[in-house]
Structures are given as structure tokens and as C-alpha cells.
Amino acid sequence: MTMFNSELVDIVCIGSGSACLAAGIAAADAGQSVFVAEPRRRTPQIGSLAEAEESWAAQLQKYWGANEFDGPTTAYLRELTDELGPARRTHATGQLPTAAVRSFGEAATDRRAPVPPFYGHALADWARDCLNSPFGLVFSRLSALSMSEMRLQDGTSILASVVADIPSARRSGLTLRHWLRDVAKERGVKIHGSSAIQQLIFNDGQPVGAMVDTPDGVRHVRARHGVLLGTGNSVSDDLLAMHPASVLREGRLSLVSRSASRFARLELLTTAESMSLCAPQGQLA
6 MTMFNSELVD
16 IVCIGSGSAC
26 LAAGIAAADA
36 GQSVFVAEPR
46 RRTPQIGSLA
56 EAEESWAAQL
66 QKYWGANEFD
76 GPTTAYLREL
86 TDELGPARRT
96 HATGQLPTAA
106 VRSFGEAATD
116 RRAPVPPFYG
126 HALADWARDC
136 LNSPFGLVFS
146 RLSALSMSEM
156 RLQDGTSILA
166 SVVADIPSAR
176 RSGLTLRHWL
186 RDVAKERGVK
196 IHGSSAIQQL
206 IFNDGQPVGA
216 MVDTPDGVRH
226 VRARHGVLLG
236 TGNSVSDDLL
246 AMHPASVLRE
256 GRLSLVSRSA
266 SRFARLELLT
276 TAESMSLCAP
286 QGQLA
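Per the numbering used here, the very first residue in the sequence shown carries number 6; after that it's consecutive.
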């Protein structure tokens, strides 16, 4: 009979990408208990996605360190992603998307304003953007993390959770991943590295935890408030020094999503003024 440790936390974060670690930090800052499972690093073969189209479920299986998923886990991932087309991730760049917001304060709500229209195709495009990003994330439920409404410079409404201000004193060659690991240590977030996700745990068809094979043994971890699924690989990173100084000065690392979407990605948000002082925006995304 297989023995395993069982535990209950508020948020379970699964994945080797920086977004998963950032989500764990954000949850811990909000006073939630967190379990972060980080699979061992995998180096993708150049051109492997171009030669053979794979499903996103197959890609996530690799990124989570699993040799094979059970039926319910595979079915859930396919339900989430099959309508979005095959995986077409590009490993050419690991640079964070950058965007300018009007204000970092929560957007004021006009109760008399009409309810914005629901555009399913826009949500599908956003989901593909997050899956294609090395900094993507999927929420098991819409309210898994506390997020505030903000407005981009062009008026687009987003939901964002600020993880941390970019440090003013940066070591030469400091990457996003190294910095986040330092932040996690400072804030008491333990990373269960070299893990493999055996399967997700479900209740009424929705993920409520995971079976995680860690160096300390198999852990049966259940979540009170949500399971956050990283879609990236840890070999993709961001060299902070590549961003213009004006953007970094006002920049805030944030998890960004859209209303009614369970997909999110890590972005570097800054002010419109800071963005105007740097190179054309097209060079930053």
C-alpha cells in the first residue's frame, strides 16, 4: 500500500515557470498558506514544436515533470485547451511583456455605465497569448487570487495583482527567476523543487489539489481556494537589465488577467510617463 503525506493549504501552485512562483508570493503576501511545486528543469529541443504539433495537454505534462497523466487530468487539460489549437510556443525570447497603466490604484467603477459586451473570441485570443507565453498561468477558479481592476493606457480593462516593485539596486545579470527566488525566501515561501506532478485531484470535475512526487516523498496536497497551473518552462527567463531604465524605475511585476478569464500571465506594468521616456513600445513586448 502506497503511503503519502496529506496536507491542506489555501493555494497550490504547480509549474516550473516564473509565473507560478510569482503567484505563490502574491498569495503568501495576502496571508494565504501556499504549496509551490516546481518540477526539475527541462531543456526543450530546438524546433521540436515546429516539427510535430502537440496538444497543450502534452506540453504541460512535460513541463510539470510527469511521465504520464491519469485520465481525469488529461481530460481536464484537453477541455481547457483543445479549442485553442495546437501548442506553438516559441523559445526565442524570454522577455516579459510590458504595458503601461493609467494608474496603479484600483479603477473607479461607474455604476451607471453599461455592462461591457462579452467577446468570446477576445477571451480565446487572451488564453492563447497566455499559453504561448513562457510566463503563463491557469487558475482553477476565477477568484483564486485577489486582483484589482486597472486600465491600460489605451483604455483596455485588465485585472492585475502586483507581486513586487522592481528592485532599484539590481545585481549585474540579475534575472527575473533569481530575483523571485530571493523574494520567495524573504517572504517565507518554500519551493518544493525537483518535483513531479502525478495527477490533479478533482471534486465535481474541478481541480482541488494535486498528487506531487517530491524528494521527501509523495504529497497529497489539497487547496481551499484554488490550484494555479503554470504553463511555462523554467529555462525561459528574463534579464531585467534588458528593459529600459525608465520602465524599471516605475515598474511593478504583476500577474495580469482579463475579466471572466481563468488565464493569466506575468507582465511588467509601468506608468504611461515612464513608457513615453523609453524606446518604442514594440521593442518591449
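Where is the CB? At the ideal position from N, CA and C, for every residue including glycine.
Owing to the predicted nature of the structure, the values given are computational and were not obtained by experimental measurement.
| Check | Outcome |
| --- | --- |
| Using beta-carbon positions only, say whether residue 167 and residue 39 come within less than 8 Å of one another. | no |
| Should residue 13 go down as buried or exposed, given a rule of 16 or more other Cβ atoms within 10 Å for buried? | exposed |
| Roughly how far, in whole angstroms, is the beta-carbon of residue 34 from the beta-carbon of residue 192, given that I think they are within contact range, below 8 Å? | 7 Å |
| Report the three-state DSSP secondary structure of residue 103 (helix, strand or coil). | strand |
| Are the CB atoms of residue 71 and residue 202 nearer to each other than 8 Å? | yes |
| With distance defined between alpha-carbon atoms, name the residue in 226, 209 and 28 nearest to residue 200. | 226 |
| Let me know if residue 37 comes out buried or exposed under the rule of 16 or more other beta-carbons within 10 Å of its beta-carbon. | buried |
| Between which two residues does the alpha helix (DSSP H) containing residue 86 stretch? | 76 to 86 |
| Please name the residue in 165, 184 and 143 whose C-alpha comes closest to that of residue 173. | 184 |
| Whether or not the region 213 to 231 and the region 129 to 136 are in contact is what I'm after, with contact meaning three or more pairs of Cβ atoms, one per stretch, closer than 8 Å; do they touch? | no |
| Count the other C-beta atoms from every protein chain shown that fall within 10 angstroms of the C-beta of residue 262, then say buried if there are 16 or more, exposed otherwise. | buried |
| Residue 41 lies in the beta strand (DSSP E); which residues open and close that run? | 39 to 44 |
| I'd like to check one pair, residue 143 with residue 267: are the Cβ atoms closer than 8 Å? | yes |
| Any idea what DSSP makes of residue 55, helix, strand or coil? | In this predicted model, residue 55 has a pLDDT of only 38, less than 50, meaning its place in the structure is not dependable enough to derive any value. |
| Taking residue 145 as the reference, which of 205, 198 and 89 has the closest Cα? | 205 |
| According to the neighbour-count rule (16 or more other Cβ atoms, all chains shown, within 10 Å of its Cβ), is residue 182 buried or exposed? | buried |
| For residue 134, name the three-state secondary structure that DSSP assigns. | helix |
| So what's residue 263 in DSSP terms, helix, strand or just coil? | coil |
| Any idea if residue 64 is buried or exposed, counting beta-carbon neighbours within 10 angstroms, 16 or more meaning buried? | buried |
| Output yes or no for whether 8 Å exceeds the beta carbon distance between residue 274 and residue 256. | yes |
| Please identify the residue among 259, 104, 197 and 264 whose C-alpha is closest to the C-alpha of residue 24. | 259 |
| Should residue 22 be labelled buried (16 or more other beta-carbon atoms within 10 Å of its own) or exposed? | buried |
| Is DSSP giving residue 201 helix, strand or coil here? | strand |
| What is the C-beta distance between residue 156 and residue 162, in whole angstroms, given that I count them as a contact (C-beta under 8 Å)? | 6 Å |
| Which of the three DSSP states, helix, strand or coil, is assigned to residue 272? | strand |
| For residue 197, would you say it is in contact with chain C, using Cβ-to-Cβ distances shorter than 8 Å as the test? | Included in the structure is just one protein chain, with no chain C present. |
| From residue 150 to residue 178, what does the alpha carbon distance come to, in whole angstroms? | 31 Å |
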